[in-house]
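K.L.:
So the protein lines, in turn, are chains A and B. Position in the first sequence counted from 1, then plus 3, gives you my numbering. Position in the second sequence counted from 1, then plus 1, gives you my numbering. So that we are looking at the same thing, I have put the structure below in structure tokens.
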Amino acid sequence: EPEVTQTPSHQVTQMGQEVILRCVPISNHLYFYWYRQILGQKVEFLVSFYNNEISEKSEIFDDQFSVERPDGSNFTLKIRSTKLEDSAMYFCASNLVVQQFFGPGTRLTVL
Amino acid sequence: QKEVEQDPGPLSVPEGAIVSLNCTYSNSAFQYFMWYRQYSRKGPELLMYTYSSGNKEDGRFTAQVDKSSKYISLFIRDSQPSDSATYLCAMITGSNTGNQFYFGTGTSLTVIP
């Protein structure tokens, strides 16, 4: 069964450093998303991506964040200058129509 | 007012009980309603989705939507310890162009053997 994959599973970084989180969505899907979940809190929408451009973004998705689909398979989230409060699980998701499938997440720890 | 409200629980029930999980919402433009299950430190897993008002059944799970009351429910019959997880409701206004999915906070469920 096809699935969304994410790498790395855990990323530890120093405050102020840049990180890139990687995702491989399900191959025939058209819509791609990034979500964040701070430990013990709700899943928060960051951004959606369709047809090689951002469709929607939340107020969390400020100038330090960017997304890219550099080739036909990968979908990346870049955080330019990480802050302590960026520590969270980051989930990638994709869908063709309504059914949205999530990856296993990348745990980002900012020290 | 939050777009989607969900009682975070925690909810603890004995094995075999019927569980009722609920969400309310404020945006009448929501058309699609989803229930996800999330095990600890894992990504959400889609259980069911519905489009219109009414009931949809899948095995031990029944999703119910009442658009007039802006209220959705997930019922779990004959609950099992393996159902212990956090259950998230989510909804979107449409199915095109990467609409934002709005999630509830999740309800933590424990089924006690």
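Here a beta-carbon is modelled for each residue, glycine too, at the ideal position from N, C-alpha and C.
1. If you compare alpha carbons, which of A:Ile-63, A:Leu-99, A:Pro-73, A:Ser-58 is closest to Glu-88 of chain A?
2. So Phe-68 of chain A and Pro-28 of chain A are supposed to be a Cβ contact under 8 Å. How far apart are they, rounded?
3. Determine which residues of the segment 39 to 54 of chain A have a Cβ less than 7 Å from any Cβ of chain B, and write them out in chain order.
4. Helix or strand or just coil, what does DSSP make of Asp-67 of chain B?
5. Is there contact between the segment 27 to 42 of chain A and the segment 94 to 109 of chain A, where contact requires at least three CB pairs shorter than 8 Å?
6. In the DSSP assignment, find the unbroken beta strand (DSSP E) run with Asn-90 of chain A in it and report its ends.
7. Can you name the start and end residues of the beta strand (DSSP E) that Thr-106 of chain B belongs to?
8. When the Cα atoms are used, what is the spatial distance from Asp-84 of chain B to Ala-91 of chain A?
9. Do Thr-94 of chain B and Gln-32 of chain B have their C-beta atoms within less than 8 Å of each other?
10. Beta-carbon of Gly-75 of chain A versus every beta-carbon of chain B: anything under 8 Å?
11. Are the C-beta atoms of Gln-65 of chain B and some chain A residue less than 8 Å apart?
12. Can you find a C-beta in chain B that's less than 8 Å from the C-beta of Phe-78 of chain A?
13. Using a Cβ-Cβ cutoff of less than 7 Å, which residues in the same chain neighbour Leu-99 of chain A once the five nearest sequence positions on both sides are dropped?
14. From which residue to which residue does the beta strand (DSSP E) around Gly-44 of chain B run?
P.N.:
Looking at the coordinates:
1. Across the set A:Ile-63, A:Leu-99, A:Pro-73, A:Ser-58, the C-alpha of A:Ile-63 shows the shortest separation from the C-alpha of Glu-88 of chain A.
2. That pair is no contact at about 18 Å.
3. Result list: Lys-45, Val-46, Phe-48, Ser-51, Phe-52, Tyr-53.
4. Three-state result, Asp-67 of chain B: strand.
5. At 8 Å Cβ cutoff, the stretches touch.
6. The identity of residue 90 of chain A in the sequence shown is Ser, whereas the question assumes Asn. Counted as a single uninterrupted DSSP element, the stretch harbouring Ser-90 of chain A is not any beta strand (DSSP E), since DSSP gives it neither H nor E.
7. Here Thr-106 of chain B belongs to no beta strand (DSSP E), and DSSP marks it neither H nor E.
8. In this structure, the CA atom of Asp-84 of chain B is about 25 Å from the CA atom of Ala-91 of chain A.
9. Taking 8 Å as the Cβ cut-off, Thr-94 of chain B and Gln-32 of chain B qualify as a contacting pair.
10. For Gly-75 of chain A, the answer is no, since every Cβ of chain B falls outside 8 Å of its Cβ.
11. Taking Cβ atoms only, chain A never reaches closer than 8 Å to Gln-65 of chain B, which makes this a no.
12. So no, Phe-78 of chain A is outside the interface.
13. Result list for Leu-99 of chain A: Asn-31, His-32, Leu-33, in chain order.
14. For Gly-44 of chain B, there is no enclosing beta strand (DSSP E), as DSSP marks it with neither H nor E.
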